[in-house]
Amino acid sequence: MKKFLLRLSIVLLIIFLQLSFLNLALRADYVANLSILLVIAWIVTSGFEKTFKWIIFLGFLNDIFFADKIGPNILFFSFFAYLVSFISKRFIIERRFSGFLLVAVFIVIGSYLGNIFDIMFEGSFSLENISFSMGHYFASWQRVIYGNILAGIYFYFIYFFVNGVEKYISRFEDRLKITL
Amino acid sequence: MPGKFVSKKIFKVTVICFLAIGLIIFNPHNLFSGLRNFFMIVTLPAQKVFSSSAIKMASFGEAVTSIGKIRKENKYLIEENLRLRAEGAKFGEAVAENEMLRNQLNILPKDKFEIESANVIGRDIYNNNDWILIDRGESSGIKKGMPVIVSEGVLIGRVEEVFPSSAKVIFISNPLMNTNVETLETGAVGLAKGNYGLGIIMDLVLQTDSLKVGDKVMTSDISQNIPRGLFIGEIKEVSPVRNDLFQKAIISSPVDFLKLRFVFIIKNS
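Quick mapping for you: the protein sequence lines, in order, are chains A and B. Mapping of the first sequence onto the working numbering: position 28 corresponds to residue 28, and the numbering continues sequentially without gaps. Just add 1000 to the spot in the second sequence (first one is 1) and you have the working numbering.
Following this line, the structure appears as structure tokens:
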């Protein structure tokens, strides 16, 4: 129950921070998607198996609060979680430099994919609109660079927070096993 | 064994992806609207706490960053004031025209329409200036389609989705919103529509109509649910396509959508 409540709190905190804090406090044109960062942090710290159902729930809540339809964020987060898990297993993420580089790549890929999914599933879906919007998104170098630097900074806050919570959960589970 | 593990993972992801695609295609809106309402009601207090903290933080940040600029700006403003006073006499005609436009704009809301004020408590995740969440909903008499303005009578969007105590407002720059408009100077009529966060486009303007940079764009009386005479913005760029039946223009809105804190909903338009 404690484990459930802790993970639920993380999900809700990320959603509220995104919806009602970050997007209002920072008036810049490049605000990072915290949910994508949480997916990366979870996969890196706890692995796919332990966190997949929570990632689906995170996607569902993103659809509830941010999207017109239910499904796009569930689809995106499931796919992205698998991608992160697949790639990180093939590289040594524990090594300081390669780990840092890999996380940076995940953040960049996550941000781009998130935007592509957003454009694909919101509003009127047409190839012309998608190519036009994506062209505009990639054309703005400031948006791409600052957005990803900002996302990197947020990621390390989220990572240390999630890592702390997950370690606490593991310790709690170990204690329970010993008591039993 | 690893092979088995990977296939199990792929199987899980594939099942979830198919389910999600099914939900997107069939889009059972009614199935989830109750759930969406429930989440919106339950989380409204938390959203209000977070949004008020965000606004305080943003105001504090603005105050801190502006201290250094004030002295520099003050010097500049004194010089600018002298220059403008000298130039003021030249613009008597423009002032009169401006006064006339102001009067036309002031015909608008306050005394004529029933207006509900609302705080902004949430914003679009991708910051494409597409939508905001406000703290007024069904309980305050808000309905889908109601126009949303800022205090100066500038149209910024319309209510797209209503929850019991909150509502989602899409901006005029959202592709879902189309508004009939006309220019104040020449009476050229067209359709203002969003373009994926890239701004507002005035489309479907006949080649015979005249469009100039700087023309003021207002809502026309054939806009559904949106009253006539709400200011939208000024024409920033005209792009006539000679071989096309219609011409297009880019409208620049006077509103900074990222800085919106309060909005007004016209309830009896």
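Just so you know, even glycine gets a beta-carbon here, dropped at the ideal spot from N, CA and C. These numbers come from a predicted model, not from an experiment.
Please report how far the alpha carbon of residue i lies from the alpha carbon of residue j, in whole angstroms.
i, j, result
"Glu49/A", "Gly1190/B", "54 Å"
"Arg1036/B", "Gly1199/B", "29 Å"
"Ser1210/B", "Thr1183/B", "9 Å"
"Phe1163/B", "Phe1038/B", "9 Å"
"Phe86/A", "Thr1219/B", "52 Å"
"Leu1108/B", "Ala1192/B", "Since pLDDT at Leu1108/B reaches only 48, below the 50 mark, its modelled position is unreliable, and the value read off the structure follows with that caveat. Their backbone Cα atoms lie some 19 Å apart in a straight line."
"Phe1050/B", "Lys1056/B", "10 Å"
"Ile1226/B", "Arg90/A", "57 Å"
"Lys1008/B", "Leu1258/B", "44 Å"
"Asn1106/B", "Ile116/A", "At Asn1106/B, the pLDDT of 49 sits below 50, so the modelled position is not reliable and the matter cannot be decided from this model."
"Leu8/A", "Lys2/A", "10 Å"
"Cys1017/B", "Ile56/A", "10 Å"
"Asn1174/B", "Met1146/B", "15 Å"
"Lys1110/B", "Val1181/B", "Bear in mind that a pLDDT of 47 at Lys1110/B, under 50, signals an unreliable position, so the model cannot answer this."
"Phe1011/B", "Phe52/A", "13 Å"
"Val144/A", "Tyr112/A", "9 Å"
"Phe1271/B", "Ile1070/B", "The question about residue 1271/B has no answer here: the residues shown for chain B are numbered 1001 through 1269."
"Leu1206/B", "Ile1251/B", "17 Å"
"Gln18/A", "Leu12/A", "10 Å"
"Lys167/A", "Ile158/A", "14 Å"
"Lys1267/B", "Ser1117/B", "10 Å"
"Ser170/A", "Asn33/A", "27 Å"
"Leu1019/B", "Ala1063/B", "49 Å"
"Asp1203/B", "Ile1235/B", "12 Å"
So the alpha helix (DSSP H) residue i belongs to, where does it begin and stop?
i, result
"Ile56/A", "Phe48 to Phe66"
"Leu12/A", "Lys2 to Phe16"
"Arg90/A", "Pro72 to Arg90"
Let me know if residue i comes out buried or exposed under the rule of 16 or more other beta-carbons within 10 Å of its beta-carbon.
i, result
"Leu37/A", "buried"
"Glu1161/B", "buried"
"Glu173/A", "exposed"
"Met1177/B", "buried"
"Arg1261/B", "exposed"
"Phe16/A", "buried"
"Pro1002/B", "Note that Pro1002/B scores 49 on pLDDT, short of 50, meaning its location in the model is unreliable; the coordinates nonetheless yield the value given after this. Exposed."
"Gly164/A", "exposed"
How would you write the range of the beta strand (DSSP E) that residue i sits in, first residue to last?
i, result
"Val1169/B", "Ala1167 to Phe1171"
"Phe1264/B", "Phe1262 to Ile1266"
"Arg1158/B", "Val1154 to Val1162"
"Lys1193/B", "Val1189 to Gly1194"
"Ser1220/B", "Premise fails: Ser1220/B is in no beta strand (DSSP E) and is neither H nor E."
"Ile1132/B", "Trp1131 to Ile1134"
Hey, would you say residue i sits closer than 9 Å to residue j, going by beta carbons?
i, j, result
"Leu1228/B", "Ser20/A", "A small correction: the amino acid at residue 1228/B is Arg; Leu does not occupy that position in the sequence shown. For Arg1228/B and Ser20/A, no; Cβs fall outside 9 Å."
"Leu58/A", "Ser88/A", "no"
"Leu1023/B", "Ile74/A", "yes"
"Phe1231/B", "Val1217/B", "yes"
"Lys1256/B", "Gly1194/B", "Per the sequence shown, the amino acid found at residue 1256/B is Asp instead of Lys. Result no, Cβ atoms of Asp1256/B and Gly1194/B do not sit closer than 9 Å."
"Lys1048/B", "Ile1134/B", "no"
"Phe121/A", "Ala81/A", "no"
"Lys1144/B", "Val1159/B", "yes"
"Phe1246/B", "Ile1115/B", "no"
"Ile119/A", "Ala151/A", "no"
"Ile10/A", "Gly110/A", "no"
"Met1040/B", "Gly1157/B", "no"
"Val1169/B", "Val1150/B", "no"
"Ser1253/B", "Ile1172/B", "yes"
"Phe79/A", "Asn62/A", "no"
"Val31/A", "Gly114/A", "no"
Legend entry - Residues in the region 12-25 of chain A having any Cβ partner in chain B nearer than 9 Å: Against chain B - using a Cβ distance shorter than 9 Å - the residues of the region 12-25 of chain A are Leu12, Ile15, Phe16, Leu17, Gln18, Leu19, Ser20, Phe21, Leu22, Asn23, Leu24 and Ala25.
Inset, instruction - Report the residues of the region 1048-1062 of chain B with a CB closer than 7 Å to any CB of chain A, ordered along the chain. - result: Correct list: Phe1050, Ser1051, Ser1053, Ala1054, Ile1055, Met1057 and Ala1058.
Legend entry - the region 1008-1024 of chain B: positions lying closer than 8 Å to chain A by Cβ: Residues Lys1009, Ile1010, Lys1012, Val1013, Ile1016, Cys1017, Leu1019, Ala1020, Ile1021, Gly1022, Leu1023 and Ile1024.
Inset, instruction - May I ask you to list, following chain order, the residues of the region 67-83 of chain A that have a beta carbon less than 7 Å from some beta carbon of chain B? - result: Taking a C-beta cut-off of 7 Å against chain B, the contacting residues of the region 67-83 of chain A are Lys69, Ile70, Gly71, Pro72, Ile74, Leu75, Ser78, Phe79 and Tyr82, listed in chain order.
Inset, instruction - Closer than 7 Å, Cβ to Cβ, to anything on chain B: give me those residues from the region 43-59 of chain A, in chain order. - result: Phe48, Phe52 and Ile56: these are the residues of the region 43-59 of chain A whose beta carbon lies less than 7 Å from some beta carbon of chain B, given in chain order.
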